[in-house]
Structure formats: structure tokens, C-alpha cells
Amino acid sequence: MRRFAADRARRAVAASLRGAAASRSAAASPLAPAPRHPAPPVGAAAMAAALARTMSTAAAGTPPVSLNTINPKVLKCEYAVRGEIVTHAQNLQQELQKNPDSLPFDEILYCNIGNPQSLGQQPVTYFREVLSLCDHPALLDKSETHALYSSDAIERAWQILDKIPGRATGAYSHSQGIKGLRDEIAAGIAARDGFHASGDNIFLTDGASPAVHMMMQLLIGSEKDGILCPIPQYPLYSASIALHGGSLVPYFLDEETGWELEVDELKKQLEEARSKGITVRALVAINPGNPTGQVLAEENQKKIVEFCKNEGLVLLADEVYQENIYVEDKQFHSFKKIARSLGYTDDDLPLVSFQSVSKGYYGECGKRGGYMEITGFSPEVREQIYKLASVNLCSNVSGQILASLVMNPPKAGDESFESFMVERDGILSSLARRAKALEEAFNSLEGITCNKAEGAMYLFPRLHLPQKAIGVAQAAGTAPDAYYAKRLLEATGIVIVPGSGFGQVPGTWHFRCTILPQEDKMPAIISRFKEFHEKFMDEFHD
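Rendered as C-alpha cells:
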């Protein structure tokens, strides 16, 4: 570090001396006016003195990178899902590894994030078979492979490899993703919705998050550009809006009606934003909801589409939990399907749909696969979206393959179909049971109310905390729900996310908890949670 500072100082001195020499040269010119203060002669002693002064300033001054010098938008950006509580949990986990008896629990249970396989969910066999064959094509030429892999997985791997130039999964692909895989995804979308889809509208990305960032880069030019976002919301949206310098325009979901999205609330917030000089560019709709777990009714979706059409807004549809539906009276409908059923075409509504391999029943978070389908944008704007994609070269090819498999899984008659359906339905039915068990447990406790989890992977209970607990938290400079979450972690090892990280109606407190711990662990987790909560409420009883 000292050598770096010395080099930097020498460069600064050299530049200064070059400037001084240039000044003397200019002063010597017959056309130059006489200097009021002639520059002193430059010699070895002067150079050494200048170097010493610069070195002293560099050593004593501000470091070249500090919180005062980095991009202020980064400071404004927050992501609660991996925030302060999670950092504390990781420190406690290290403490447990060093001294297993040092804490009142023997493991950290990360219920803060939708990361299924980290909590014991097994990958879907068919998907991993195809992926492994694509990544190591030499296996396809071995006779023993047919005894280890299903025949349809082998056939699918050949089909995929034939779509990849040079059959090279380790090579860069087209910036939108491999064309043949995009076409497969489009076919899956068309089969799901009953309306045409084109591979040319698919942009494959490393999960859904980069696609969201890409759209924010496209839509936001300054703080005068606003994005309508649900509150509570997934912090990716507030973080990306802040990072790109825009304004989050909140619309509040109605907790009393099961987190419904009311169009009257959208109109109110849109008008208020416009009165402040904000140009609202887009509306984010998360369905099924994160962190709230609601599934939008079809009629509600139609009103949202009509609202975006009438107000000239881009509809950003986060649909990554489309497979996670746990109630019989609700089903998933994509916003594109809703728009097409209303008769709207590409000319009527700009729409972006996000999907990911990280959620659903597949839970392949670490493989980083996903896509966005864009419709309703002019060719000129599409070129700019492609340019943004090109800056990142391409998404990872394994994730691209998984995205194509997720949207085109085994079908009836395929060798893997029955075993695939057993795995799929087993995961989804278990998630539904876990959601119900947690919901019932929360609602059985004094000071907690919890809406039903209709979909997604989370519950978002409301904490009705004693005033004494709120006062202690505020005196410590902490949000009351964050104080509760920290106390829960330190007593039980259970990691949740404070509701303040997602946004909430002022004066209310919540937390988000995943339903992902394995079913056999759920009774013990519920028991630990109940014991903590009852003691907490007794401690702070008004």
C-alpha cells in the first residue's frame, strides 16, 4: 500500500513539474506576458521537497476509496434479504463451528431467503441428468450411460447439444441466449398460455435479477423517472431503482383483504407522483407475491392490465413463483395471457415477464438461470435492450439449458414422466403443508396475525408488539421488527427478515419467513419459535 502511495505521489509530482516547465516555456516566449510571480528554478532539491510534501499529504489524507467518495447511489441501495441480521447469523455460525456449545442452539436455520436446496430440497433428477450429459458429452458415447440415465434424458441432451454451436457448453453464446433454447422456452410459454410466443422475444439471463436490472437501466434516466412498486415488495426492486437513480413510487397492498392489489390505490399513487413532477414509467406486479404470498385473481389482473394500457405504463410482471400455488381456488395466469385474452397485441401494451429456475419446484438457485420475455417494444428500443444484454456478453449456458428444461419438462409417454411427476408433486405438496403448518403456528400466538400463504415460498406475519418492546428498540436506534428478529436469532438460531426491509404501512411491523425448512424439521422449528415468542411477549408485557 505504501509503495502504491509512493508511486501515486511521484506521478503527481512529475505532472506538477511538467506543468511548471510548460509555464516557464510559455513565459520565455516573446508572445507571452511577463509572469507576475516567476516560477522558481527546478532542481533535484526542489523535486525532492515536492515529493516529500505530496507523500505526506497522501499518508495523512483521506484514502482513495471511502464512503465519502464512492457512488452515493450504492450507499442508498439496500437489500434486506442479506442484510444485517444475516451477517450476524453468519458470525454466529462461525462461532458454532469453533465452539459448538457456546450458543443455546446447535445450528443456524436460514429462513431468510428462497434458497430451497440449501435447506435440504433435492434437485429434480431429470433436469440434472440432462444437464450433466450436456456438460460432459463424452458420457453419451459410453455404453454404461444407458444403464445410468433415462432414455429420454439422453435423447434430450442430444437435442440440446445439437442446438449449441460446436456443442460447446463452455463457450459464449448469443447475447440473448442460444436460439434453439429460446425457441423451446417460447414453445413452453405458448403451451402454458394458449397464445403465440417467439424465441426472438426471449432474453436469457443469470436468474431473473439481471433482467430486472436491465429494465431499470433502460427505463430510468434520473430521479424524475418513477417505478410503481408494491409495498411490501421484494427488495431487489427498491435496490435496483436506487442503484439506477430513479424514484420508487409505492402502492400499498391491502393486508386486511389478503394483500390484494387495488387499482384505486394505483391511481392515487400515480396522481400523487405526477403532481411532484415524477414521470412514472412502469408498474411492477409480483404474482404470486413476494413477500406476501398472495395469488392475484384473474379479474384483478385484468384491471391492472387495463390500468397500464390507459396510463401508458410498461408492465413489469415478476412471475418467478408461477409453479408455487397452494390453494385450490386460485391458479396462475401470466399477465401476457391476460393481455392477449383482452385483445391487446404488441402494439397496445409494453410488457416484460420475468421467470427464474431458482424458484418453483426446481429450486436451482445456484445455477443462475432465468429469462425475460419482452413484448410491445419498438424495433429501435429492442436494439437498445440487446445492447444492454451484449455488455454482459451472455448468461451462463448451464442456466440457459435449465431454463429450457423448466419450461419444457417431460411429457406423458416419456420414460421419465412418472418419476418426474412424483418428484414435482411431492415437493409442491410438501411446501403447501409446510406453509399451512407455519401459518397455523403463527396465528396461534398472542401478538401475531398471519394471512394465508396462497403461493410463493414465504409468510409475512404481522407483529403486534408491546409498546415497551417498541420503545426499547427505538431507544437502541433499531426498527422494532429488526430488534425482534435479532433477539429471535440469538435465542433460537432462526433467521428471518424484518418487514422494514420490504416496506410496510407506517406504524406496522412484520417479518418474512420462508416455508423451506424440510418437513421433518418443521415441528422443532415451530416449537423453538413459540417458546421464544412467548418469553419475549412476557418480558415486554405492557
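Counting in full-length UniProt numbering, the sequence shown runs from 1 upward without gaps.
Ideal Cβ positions, reconstructed from N, Cα and C, are used throughout, including at glycine.
The model shown is predicted, which means the values in this text are computed figures rather than measured ones.
Checklist entry - Are there 16 or more other CB atoms within 10 angstroms of the CB of V422, so buried, or fewer, so exposed? => result For the purposes of this step, residue 422 is identified with residue 422 of the sequence shown, where counting begins at 1. Residue burial annotation: V422 is exposed, with fewer than 16 other C-beta atoms found within 10 angstroms of its C-beta.
Item to check | Enclosing alpha helix (DSSP H) for C229 [first to last residue] | outcome: On the sequence shown, residue 229 is found 229 positions in, with the first residue counted as 1. For C229, no alpha helix (DSSP H) encloses it; the enclosing beta strand (DSSP E) starts and ends at D225 to I231.
Checklist entry - From I526 to H244, what distance separates their C-alpha atoms? => result One-based indexing of the sequence shown puts residue 526 at position 526. One-based indexing of the sequence shown puts residue 244 at position 244. Each residue's Cα considered, the two are about 40 Å apart.
Checklist entry - Count the other CB atoms within 10 Å of the CB of K336; is the residue buried (16 or more) or exposed (fewer)? => result Within the sequence shown, the letter at position 336 stands for residue 336. The residue in question, K336, is buried, as its Cβ has 16 or more Cβ neighbours within 10 Å.
Next on the checklist: If contact is defined by three or more beta carbon pairs under 8 Å, each pair taking one atom from either stretch, is the stretch 350 to 357 in contact with the stretch 304 to 322?
Outcome noted: The answer is yes - the stretch 350 to 357 touches the stretch 304 to 322, with three or more Cβ pairs under 8 Å.
Checklist entry - Using the beta-carbon count (16 or more within 10 Å), is L75 buried or exposed? => result Within the sequence shown, numbered from 1, the residue matching residue 75 stands at position 75. L75 counts as exposed, since fewer than 16 other C-beta atoms from the protein chains shown sit within 10 angstroms of its C-beta.
Checklist entry - Which two residues bound the contiguous alpha helix (DSSP H) that contains H146? => result For this step, residue 146 is matched to residue 146 along the sequence shown. The continuous alpha helix (DSSP H) containing H146 extends over residues T145 to L148.
Checklist entry - With burial defined as no fewer than 16 other Cβ atoms inside 10 Å of the residue's Cβ, what is the status of residue 545: buried or exposed? => result As displayed, the chain neither begins before 1 nor continues past 542, which places residue 545 out of reach and without an answer.
Item to check | For P498, the three-state DSSP class (helix, strand or coil) | outcome: Working through the sequence shown from its first residue, we reach residue 498 at position 498. Three-state result, P498: strand.
Checklist entry - Is it a yes or a no for the stretch 387 to 406 touching the stretch 90 to 102, going by three-plus beta-carbon pairs under 8 Å? => result No contact exists between the stretch 387 to 406 and the stretch 90 to 102.
Next on the checklist: For a test of your reading of the model: does the CB of I108 fall under 8 Å from any non-hydrogen atom of the ligand ATP? Yes or no.
Outcome noted: Within the structure as shown, the ligand ATP is missing, as the structure has no ligands at all.
Next on the checklist: Here's the rule I'm using: 16 or more other beta-carbon atoms within 10 Å means buried, otherwise exposed. How should Y386 be labelled?
Outcome noted: Translated into positions along the sequence shown, residue 386 becomes position 386. A residue is called buried when at least 16 other Cβ atoms come within 10 angstroms of its Cβ; Y386 does not meet this threshold and is exposed.
Item to check | Own chain, CB closer than 7 Å to F532, minus 5 neighbours either side, in chain order | outcome: Locating residue 532 in the sequence shown gives position 532, counting from the first residue. Cβ neighbours of F532 beyond the five flanking positions: L488, A491 and T492.
Item to check | Extent of the continuous alpha helix (DSSP H) run through residue 543 | outcome: Nothing about residue 543 can be reported from this structure: the residues present for the chain run from 1 to 542 only.
Next on the checklist: Given this structure, state the Cα-to-Cα distance separating R382 from I70, to the nearest angstrom.
Outcome noted: One-based indexing of the sequence shown puts residue 382 at position 382. One-based indexing of the sequence shown puts residue 70 at position 70. The straight-line gap from Cα to Cα measures roughly 32 Å.
Item to check | Coarse secondary structure for G370, derived from DSSP in three states | outcome: Within the sequence shown, the letter at position 370 stands for residue 370. Under the three-state reduction of DSSP output, G370 falls in the strand class.
Checklist entry - Around the C-beta of N392, are 16 or more other C-beta atoms found within 10 angstroms, so that it is buried, or is it exposed? => result Here the question's residue 392 lines up with position 392 in the sequence shown. With fewer than 16 other Cβ atoms within 10 Å, it is exposed.
Checklist entry - Between A273 and V249, is the Cβ-Cβ spacing less than 9 Å? => result Your numbering for residue 273 matches position 273 in the sequence shown. Your numbering for residue 249 matches position 249 in the sequence shown. In terms of Cβ geometry, A273 and V249 form a close pair [threshold 9 Å].
Checklist entry - How many Å lie between Q93 and V280 at the Cα? => result One-based indexing of the sequence shown puts residue 93 at position 93. One-based indexing of the sequence shown puts residue 280 at position 280. Spanning the two alpha carbons is a distance of roughly 44 Å.
Checklist entry - Going by the beta-carbon positions, is the gap between M407 and A211 smaller than 9 Å? => result Against the sequence shown, residue 407 aligns to sequence position 407. Against the sequence shown, residue 211 aligns to sequence position 211. Contact annotation: M407 and A211 have beta-carbon atoms that are not nearer than 9 Å.
Next on the checklist: In this structure, how does DSSP classify A285 when only helix, strand and coil are distinguished?
Outcome noted: If you number the sequence shown from 1, residue 285 lands on position 285. DSSP places A285 in strand when its eight states are reduced to three.
Item to check | Neighbour-count burial assignment, A26, 16 or more Cβ in a 10 Å radius | outcome: Here the question's residue 26 lines up with position 26 in the sequence shown. Reliability of the predicted coordinates at A26 is poor, the pLDDT of 38 falling under 50, and the value obtained from them is presented with this limitation in mind. Classification for A26: exposed.
Checklist entry - At which residues does the beta strand (DSSP E) containing R512 begin and terminate? => result As a first step, residue 512 is located in the sequence shown; it is residue number 512 there, counting from the start. In this chain, the beta strand (DSSP E) harbouring R512 covers W509 to T514.
Next on the checklist: Going by beta-carbon coordinates alone, are G114 and G369 separated by less than 9 Å?
Outcome noted: Taking the first residue of the sequence shown as 1, we reach residue 114 at position 114. Taking the first residue of the sequence shown as 1, we reach residue 369 at position 369. No; because the gap between Cβ atoms is not below 9 Å, this pair is not in contact.
Next on the checklist: Per the DSSP calculation, R462 is bridged to which residue(s)?
Outcome noted: Residue numbering aside, residue 462 sits at position 462 when the sequence shown is read from its first letter. Within the DSSP secondary-structure output, R462 pairs in a beta bridge with T449 and H510.
Next on the checklist: By alpha-carbon positions, which one of L109, P291 and L342 ends up nearest to F307?
Outcome noted: In the sequence shown, the residue the question calls residue 307 occupies position 307. Looking at the Cα atoms, L342 is the closest of the given residues.
Checklist entry - Taking DSSP as the reference, what is the three-state secondary structure of Q122? => result If you number the sequence shown from 1, residue 122 lands on position 122. Q122 falls in the coil class under three-state DSSP.
Item to check | Rounded C-alpha distance that separates T292 from Y237 | outcome: In the sequence shown, counting from the first residue as 1, residue 292 sits at position 292. In the sequence shown, counting from the first residue as 1, residue 237 sits at position 237. Going from the Cα of T292 to the Cα of Y237 covers about 15 Å.
Item to check | Residue interval of the alpha helix (DSSP H) (run including P250) | outcome: Counting from one through the sequence shown, the residue named residue 250 turns up at place 250. DSSP places P250 outside any alpha helix (DSSP H); the residue lies instead in the beta strand (DSSP E), whose first and last residues are S247 to F252.
Checklist entry - Starting from Q269 and walking both ways along the alpha helix (DSSP H), at which residues does that stretch end? => result For the purposes of this step, residue 269 is identified with residue 269 of the sequence shown, where counting begins at 1. DSSP places Q269 inside the alpha helix (DSSP H), whose first and last residues are V263 to S275.
Item to check | Residue interval of the beta strand (DSSP E) (run including S356) | outcome: For the purposes of this step, residue 356 is taken as the residue at position 356 of the sequence shown. Residue range L351 to S356 is occupied by the beta strand (DSSP E) that includes S356.
Checklist entry - Out of F195, K359, L516 and H541, which has the shortest C-alpha to C-alpha gap to H464? => result As a working mapping, residue 464 is identified with position 464 in the sequence shown. Ranking F195, K359, L516 and H541 by Cα distance to H464 puts H541 first.
Next on the checklist: If distances are taken between C-alpha atoms only, which option among K452, S398 and R512 comes closest to I160?
Outcome noted: Along the sequence shown, one-based indexing puts residue 160 at 160. Cα-wise, what sits closest to I160 is S398.
Item to check | Runs of beta strand (DSSP E) lying entirely within the stretch 401 to 454, each at least 3 residues, in chain order | outcome: As far as the stretch 401 to 454 is concerned, it has no whole beta strand (DSSP E) run of at least 3 residues.
Next on the checklist: Between I494, W509 and L459, which has its C-alpha nearest A515's C-alpha?
Outcome noted: Counted from its first residue, the sequence shown places residue 515 at position 515. One point to set straight first is that residue 515 is Ile, not Ala, in the sequence displayed. Checked all of I494, W509 and L459; the closest Cα to I515 is L459.
Next on the checklist: Which residue marks the beginning of the alpha helix (DSSP H) containing I178, and which one marks its end?
Outcome noted: Residue mapping note: residue 178 aligns to position 178 of the sequence shown, counting from 1. Premise fails: I178 is in no alpha helix (DSSP H) and is neither H nor E.
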